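In this note's numbering, the protein residues as written are 134 to 289. From the three backbone atoms N, C-alpha and C, an ideal C-beta is built for every residue, glycine too. Source: prediction; values computed, not measured.
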Ligand code: FES
């Protein structure tokens, strides 16, 4: 983690109150896209609560991640229906375009690639979900253009 400034200011924003632990963790997660270990240690120290308490909150809620995550989470469906329509080829194309494997995050922390077994809209397969946006009938050709939309969004 480059600086603890941000964590300090988040703690300040919540008046260093242990009652605001979840809100503090949510703010840290939105700042870093995950909960860095150093941040959790700082939170425990400043709030004067046991580190285990901070970790239990951080692991209890699915919204939190203890591993570095990208700003955008790409979920490629490899459930049966998407698989038969070429879901794996989409996974390969995303891997190739981003230079990462499933479960990894790009160096610029823009994307994390994950796979999922059925997103519940099988007729639209292959389906890719990026954050809250669904892409249907995705082809290998479409992958580059879709990813570029997110990269462009960064330069605005
Ligand atoms: S298998 Fe992909 S949405 Fe169901």
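With respect to residue 184, residue 177 sits close: the two C-beta atoms are nearer than 7 Å. Here residue 232 is exposed, its C-beta having fewer than 16 other C-beta atoms within 10 Å. Apart from the 5 residues on each side of it in sequence, residue 222 sits with its Cβ closer than 6 Å to the Cβ of 273 in its chain, given in chain order. Within the same chain, 203 come within 6 Å of residue 242 by CB-CB distance, once the 5 residues on both sides are set aside. Around the Cβ of residue 270, a 10 Å sphere holds fewer than 16 other Cβ atoms; the residue is exposed. Shown here for residue 160: same chain residues with a beta carbon closer than 6 Å to its own, the five before and five after excluded, namely 143 in chain order.
Excluding five sequence positions before and after residue 224, the CB atoms of its chain that fall closer than 7 Å to its own CB belong to 209, 211, 235, 248, given in chain order. In the DSSP annotation of this structure, the continuous segment of the beta strand (DSSP E) that includes residue 248 starts and ends at 244 to 249. Linking residue 174 to residue 186 through their CA atoms gives a straight-line distance of about 11 Å. Approximately 19 Å separates the beta-carbon atoms of residue 197 and residue 246; this is outside 8 Å, ruling out the contact. Between residue 199 and the set 147, 151, 171, 180, the nearest pair of CA atoms involves 171.
Taking C-beta separations shorter than 7 Å and ignoring five residues to either side along the sequence, the partners of residue 226 in its chain run 273, 276, following chain order.
With fewer than 16 other Cβ atoms from the protein chains shown falling within 10 Å of its own Cβ, residue 213 counts as exposed. Where residue 194 is concerned, there is no enclosing alpha helix (DSSP H), because DSSP gives it neither an H nor an E.
Of the candidates 237, 188, 240, 256, 256 places its Cα closest to the Cα of residue 220. In the DSSP secondary-structure assignment, residue 268 is bridged to 261.
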